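In our numbering, the protein residues as written are 34 to 221. Using N, Cα and C, we set each Cβ at its ideal position, and we do this for glycine too. Being a predicted model, the structure only gives us computed values, none of them experimental.
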Amino acid sequence: MSSNLTTLQQQPPNITIIIPPQIIIDIAYIFSILELIIHPIILLISLLNLLILLKTNILHPNLRIILIGQSLCSIFFEVERFSLVSQKIISGDIFNPGLIIFQMISSLTSGCAGFISHILFIERLMASLLFKNYEKTKNAYFGFIATCLAFIYSLINALTITKSWDITLMGIIQLIISIIASLVEILV
Numbered sequence: 034m035s036s037n038l039t040t041l042q043q044q045p046p047n048i049t050i051i052i053p054p055q056i057i058i059d060i061a062y063i064f065s066i067l068e069l070i071i072h073p074i075i076l077l078i079s080l081l082n083l084l085i086l087l088k089t090n091i092l093h094p095n096l097r098i099i100l101i102g103q104s105l106c107s108i109f110f111e112v113e114r115f116s117l118v119s120q121k122i123i124s125g126d127i128f129n130p131g132l133i134i135f136q137m138i139s140s141l142t143s144g145c146a147g148f149i150s151h152i153l154f155i156e157r158l159m160a161s162l163l164f165k166n167y168e169k170t171k172n173a174y175f176g177f178i179a180t181c182l183a184f185i186y187s188l189i190n191a192l193t194i195t196k197s198w199d200i201t202l203m204g205i206i207q208l209i210i211s212i213i214a215s216l217v218e219i220l221v
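Here it is in structure tokens:
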């Protein structure tokens, strides 16, 4: 049986495998090769950003820690994505979701980066509202604790998945928190 979208092949014990048309496979390979070019460039930019953050002393310690956490998330995501796409190309199955460890790292880094962006907004809001006293304090308790909590929650969320498309309670909670935080940020 053949159609313009998929080709079905009957396998021995009545297993049907859906094979996409060759043009879709070719386009997927082209995008994967583009990813292999783009991710190292973004990785270099993220490493440069991290180096600048580590060397600078003009930022408030809370802001500096949060931005370092965000850079680390970006670095780990770029390494994971480059490894995943390389694994897909080498295996010859571009539509394979990849090893579970890559899916977990992707979930960890993207979840943590999402939380850190909300933490960054809260930190800047605190700096704006408490501007008289905030810049005088040089402790980084908020940045350190908030970034650690985002990482721990994202790690627990990543460890609960068995496939990247799993819907878990931790994932639903993370999504709800993200949506509520985004709506509050829009209103503020």
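ILE209 to LEU202, Cα distance in whole Å?
11 Å
Please determine if the stretch 165 to 174 and the stretch 136 to 151 are in contact, where contact requires at least 3 C-beta pairs separated by less than 8 Å.
no
Take the Cβ of LYS196 as the centre, count every other Cβ of all protein chains shown within 10 Å, and call the residue buried at 16 or more, exposed below.
exposed
Tell me, please, whether the CB atom of ASN90 is closer than 9 Å to any CB atom in chain C?
The structure shown contains no chain C, having only a single protein chain.
Same chain only: Cβ atoms within 8 Å of LEU105, ignoring 5 sequence neighbours per side
LEU83
Coarse secondary structure for ILE101, derived from DSSP in three states:
helix
Quick check on ILE194: does DSSP put it in helix, strand or coil?
coil
Within 10 angstroms of its Cβ, does LYS88 collect 16 or more other Cβ (buried), or is it exposed?
exposed
Considering only C-alpha positions, which residue in the set PHE110, LEU100 and HIS151 is nearest to ILE212?
HIS151
Coarse secondary structure for ILE91, derived from DSSP in three states
In the structure shown, ILE91 sits in coil (DSSP, three-state: anything other than H, G, I, E or B).
Do ILE108 and LEU132 have their beta-carbon atoms positioned less than 9 Å apart in this structure?
no
Exposed or buried, what is SER161 when buried is set at 16 or more other beta-carbons lying within 10 Å of its beta-carbon?
Counting Cβ neighbours within 10 Å, SER161 comes out exposed, since fewer than 16 surround it.
From the DSSP output, in three-state form, read off ILE78 for me.
helix
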